Amino acid sequence: MELSNRQEEIIEIVKENGPITGENIAERLRLTRATLRPDLAILTMAGFLDARPRVGYFYTGKTGNELLTEQVRKLKVHEYQHIPIVVKESVSVYDAISTMFLEDVGTLFVVDEQSCLSGVLSRKDLLRASIGKQDLNAIPVHIIMTRMPNITVCRKDDLLVDVAQKLMNKQIDGIPVVKDSKSGLEVVGRITKTTITKAFVELITDDHI
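Here the sequence shown is numbered in the UniProt record's numbering, starting from 1 and rising by one per residue.
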């Protein structure tokens, strides 16, 4: 987050004089309280300042990098998950390739007759299957997919940074978001490397505030 000159002045005033009221900050800057209110709100929401009723504002003592790290560690999967792209176990490799192309995704999640997770298909899986003279319409995806329990999953309340670590450690493009059902793990969402990148970029742009 890039601060304006006035916001940096406010932080310096609070550092030297905190706790200090908004009225006193406004006086030192020769501004009205109303003019100052948006800057104080931004600095408080961003974590540079804290405020206590009838006491005033005080500096938290945290740097921009520390605040950014705190924000990253608060992000949850359910805030960023997307609709999962799933196929049935009986779908052919040819149809799976078509689905991946049309949906513009790098990973497909395979579900059984109870719509529970049974496998995962990556671009590499489909590429390997398409090499040679095999009839792709005759090969069902359950033959080439990665099966449970060798599938990395996450849940909606997991931290996004932990999922990012899983993506890196496993060197995979996407992870299914699942929830427990009577029949197994129901796929309710997906998190991808693109999802993670977008979330982290939003944190360091003005649009996030």
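Just so you know, even glycine gets a beta-carbon here, dropped at the ideal spot from N, CA and C. As the structure is a computational prediction, the values presented were derived from the model and not from experiment.
In whole angstroms, what is the alpha-carbon distance linking residue i and residue j?
i, j, result
"K179", "L160", "16 Å"
"M148", "L126", "18 Å"
"H208", "T194", "Unreliable positioning characterises H208 in this predicted model, as indicated by a pLDDT of 38, which lies under 50. The coordinate reading is nonetheless provided below. Taking the straight line from one Cα to the other gives about 17 Å."
"I13", "T99", "58 Å"
"V87", "K166", "23 Å"
"Y94", "M168", "29 Å"
For residue i, which option in the options has the closest C-alpha, if you only look at C-alpha atoms?
i, options, result
"E2", "T21, I139, I42", "I42"
"A199", "R54, V77, E16", "V77"
"R123", "D104, G18, V163, P38", "D104"
"S183", "K170, S118, S130", "S118"
"residue 210", "G174, N5, L75, K74", "The structure shown does not extend to residue 210, since the chain spans only 1 to 209, so no value can be given for it."
"I11", "N169, F58, P140, S130", "F58"
"D112", "R28, N24, E79, V91", "V91"
"E79", "S181, D158, K170", "D158"
"K74", "D162, V201, V188", "D162"
"S4", "T21, T32, D39, Q71", "D39"
For the beta strand (DSSP E) containing residue i, name the first residue and the last one.
i, result
"K179", "174-181"
"G106", "Unbroken run through G106: none, as it is neither H nor E."
"G56", "56-59"
"K88", "86-88"
When the distance is taken between beta carbons, is residue j closer than 8 Å to residue i?
i, j, result
"residue 212", "Q81", "In the structure as shown, the chain starts at 1 and stops at 209, and residue 212 therefore has no counterpart that could be examined."
"L49", "T35", "no"
"H142", "E89", "yes"
"P84", "F101", "no"
"I172", "T197", "no"
"T146", "V177", "no"
"L29", "E8", "no"
"I20", "G47", "no"
From what residue to what residue does the alpha helix (DSSP H) around residue i run?
i, result
"V93", "93-103"
"S130", "123-130"
"L160", "160-170"
Where does residue i fall in DSSP's three states?
i, result
"M50", "This sequence places Asp at residue 50; Met is not what is there. If DSSP states are grouped into helix, strand and coil, D50 belongs with the strands."
"I20", "strand"
"V77", "helix"
"L117", "strand"
"I25", "helix"
"R30", "coil"
"residue 210", "One cannot answer for residue 210 here, as it falls past the ends of the chain, which runs 1 to 209."
"L185", "strand"
"V153", "coil"
"I191", "strand"
Is residue i near the ligand FAD, going by C-beta to nearest heavy atom under 7 Å?
i, result
"A51", "Questions concerning the ligand FAD fall outside what the structure shown contains, since it holds no ligand whatsoever."
Would you say residue i faces chain B, with C-beta separation under 8 Å as the test?
i, result
"V110", "Going by chain labels, chain B is absent from the structure shown, which holds only one protein chain."
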